[in-house]
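What follows is one structure encoded as structure tokens, with my remarks underneath.
Residue numbers (this note's numbering), protein chains in the order written: chain A, 10 to 146; chain B, 4 to 225.
Okay, structure coming up:
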């Protein structure tokens, strides 16, 4: 698959390394060159400096050929906008975002954007470890 | 009209002030507490309500009174926030009219496709104004150094211009302005009173700034 990752923080860079190791073509977008350095020499992926809500930058990353776009910047509204550009303007088949602020889950839902909310994931895992089976007190 | 403004920076501040003076009922939402305090203090008007919070979060919009708003104007400095606010207003709260400011002029198309009713880009506006004079800037520099008020400017004759199809002699051009040349296709015509203007012609005019503005406006009017 050709996959574009918006945001080269800890999650973005780890995803990029893993996906490229599995043989996928990966391009990573981030406005900070310093962040893009996280990719290191081991990751066989393209690094694009810029904002993932700028069509010029998205095209440079190859959005016209992309099979999937993953928006994992630390800003939910950036993720939301990048996801909508990918889905509605470029018809990218698979678009996944991260919703940092759990208050925004409703918004992602109402726009039909597929998302992962790390706050919920952590809370669920901790809950499951603490109270196996989810019994009431 | 009941208008919600997202963003209390320079644009939002003066927008609220201007619209309140015309007795519109304004609700301003600004996320930065320092800016909030400043606008509350300075824009003390019975027509303006303030909410301090993130205007891209649903419950903040509700708290600010979005259900009463007929129009939402998003003028924060971040395009992604302006888009989110307009989309929320429209799809979740049924606000009729949404207006957004974009900083990147390329986002005009994106915003329109994603459902914002009206998109404004000051960058695009200013670039448009500058482009009209850009090619002549060095020539104008020369004039300015030697003569002061005289400038030269190029204008495209539009299909709807009231001056198209008419002889230059009939146009009633103001005193202190001449048409230096008419560029048609690859030809540069040195005009006289019998020359007629066609849509698509570029007219090169020289004169005082005011006369130039007036005449170029008539050439380009749709």
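Here a beta-carbon is modelled for each residue, glycine too, at the ideal position from N, C-alpha and C.
What's the C-alpha gap between residue i and residue j?
| i | j | result |
| --- | --- | --- |
| residue 71 of chain B | residue 132 of chain A | 36 Å |
| residue 115 of chain A | residue 159 of chain B | 49 Å |
| residue 97 of chain B | residue 99 of chain A | 27 Å |
| residue 2 of chain B | residue 90 of chain B | As shown, chain B starts at 4 and ends at 225. That puts residue 2 of chain B outside it, with no answer to give. |
| residue 198 of chain B | residue 97 of chain A | 50 Å |
| residue 189 of chain B | residue 152 of chain B | 30 Å |
| residue 80 of chain B | residue 47 of chain A | 29 Å |
| residue 17 of chain A | residue 34 of chain A | 16 Å |
| residue 84 of chain B | residue 54 of chain B | 16 Å |
| residue 101 of chain A | residue 73 of chain A | 8 Å |
| residue 175 of chain B | residue 121 of chain A | 60 Å |
| residue 119 of chain B | residue 12 of chain B | 21 Å |
| residue 76 of chain A | residue 146 of chain A | 47 Å |
What would DSSP say about residue i, mapped onto helix, strand or coil?
| i | result |
| --- | --- |
| residue 39 of chain A | strand |
| residue 187 of chain B | strand |
| residue 142 of chain A | helix |
| residue 5 of chain B | strand |
| residue 200 of chain B | coil |
| residue 155 of chain B | strand |
| residue 170 of chain B | strand |
| residue 101 of chain B | strand |
| residue 216 of chain B | helix |
| residue 124 of chain A | strand |
| residue 164 of chain B | coil |
| residue 193 of chain B | coil |
| residue 81 of chain A | coil |
| residue 122 of chain B | strand |
Give every residue of the same chain whose Cβ lies closer than 7 Å to the Cβ of residue i, excluding the five residues on either side of it in the sequence, and list them in chain order.
| i | result |
| --- | --- |
| residue 115 of chain B | 122 |
| residue 129 of chain A | 111 |
| residue 48 of chain B | 23 |
| residue 126 of chain B | 106, 108 |
| residue 26 of chain B | 50 |
| residue 175 of chain A | Residue 175 of chain A lies beyond the stretch modelled for chain A, which goes from 10 to 146, so this question has no answer here. |
| residue 95 of chain B | 61 |
| residue 93 of chain B | 101, 118 |
For residue i, which residues from the same chain have a beta carbon less than 6 Å from its beta carbon, with the 5 sequence-adjacent residues on both sides left out?
| i | result |
| --- | --- |
| residue 152 of chain A | With chain A represented from 10 up to 146, any question about residue 152 of chain A goes unanswered, as that position is not in the structure. |
| residue 186 of chain B | 205 |
| residue 172 of chain B | 196 |
| residue 71 of chain A | 36 |
| residue 104 of chain A | 78, 92, 95, 96 |
| residue 163 of chain B | 225 |
Using a Cβ-Cβ cutoff of less than 8 Å, which residues in the same chain neighbour residue i once the five nearest sequence positions on both sides are dropped?
| i | result |
| --- | --- |
| residue 91 of chain A | 15, 61, 62, 67, 78, 80, 82, 106 |
| residue 169 of chain B | 199, 200 |
| residue 74 of chain B | 4, 5, 6, 7, 98, 99, 100, 101, 102 |
| residue 191 of chain B | 184, 185 |
| residue 25 of chain A | 14, 17, 35, 37, 48, 52, 54 |
Is it a yes or a no for the region 104-119 of chain B touching the region 59-75 of chain A, going by three-plus beta-carbon pairs under 8 Å?
With a cut-off of 8 Å on Cβ pairs, the region 104-119 of chain B is in contact with the region 59-75 of chain A, counting three or more such pairs.
Would you mind listing the beta strand (DSSP E) stretches within the region 12-88 of chain B that are 3+ residues and don't spill past its ends, in chain order?
Every unbroken stretch of the beta strand (DSSP E) spanning 3 or more residues and falling wholly within the region 12-88 of chain B is given here in chain order: 28-33, 51-55, 74-77.
Within the region 12-73 of chain A, note down every full beta strand (DSSP E) run reaching 3 residues or more, in order along the chain.
Complete beta strand (DSSP E) runs here, min 3: 34-39, 55-58.
Hey, which unbroken runs of the beta strand (DSSP E) at 3 residues or more fall wholly within the region 86-117 of chain A?
Runs of the beta strand (DSSP E) inside the region 86-117 of chain A: 103-107.
I want to know whether the region 4-18 of chain B touches the region 26-35 of chain B - three or more CB-CB distances under 8 Å.
Counting Cβ pairs under 8 Å, three or more are found: they touch.
May I ask you to verify whether the region 79-99 of chain A touches the region 50-63 of chain A, counting CB pairs closer than 8 Å and requiring at least 3?
With a cut-off of 8 Å, the region 50-63 of chain A and the region 79-99 of chain A count as touching, because enough Cβ pairs lie within range.
Taking one C-beta from the region 45-55 of chain A and one from the region 14-30 of chain A each time, how about it: are there three or more such pairs within less than 8 Å?
Yes: the two stretches touch, three or more of their Cβ pairs being nearer than 8 Å.
Does the count of Cβ pairs from the region 38-47 of chain B and the region 57-77 of chain B closer than 8 Å reach three?
Touching, no, given that fewer than three Cβ pairs across the two stretches are closer than 8 Å.
How about the region 11-22 of chain B and the region 136-143 of chain A: do they share at least three Cβ pairs that are nearer than 8 Å?
In short, these stretches do not touch, since the Cβ pair count stays below three.
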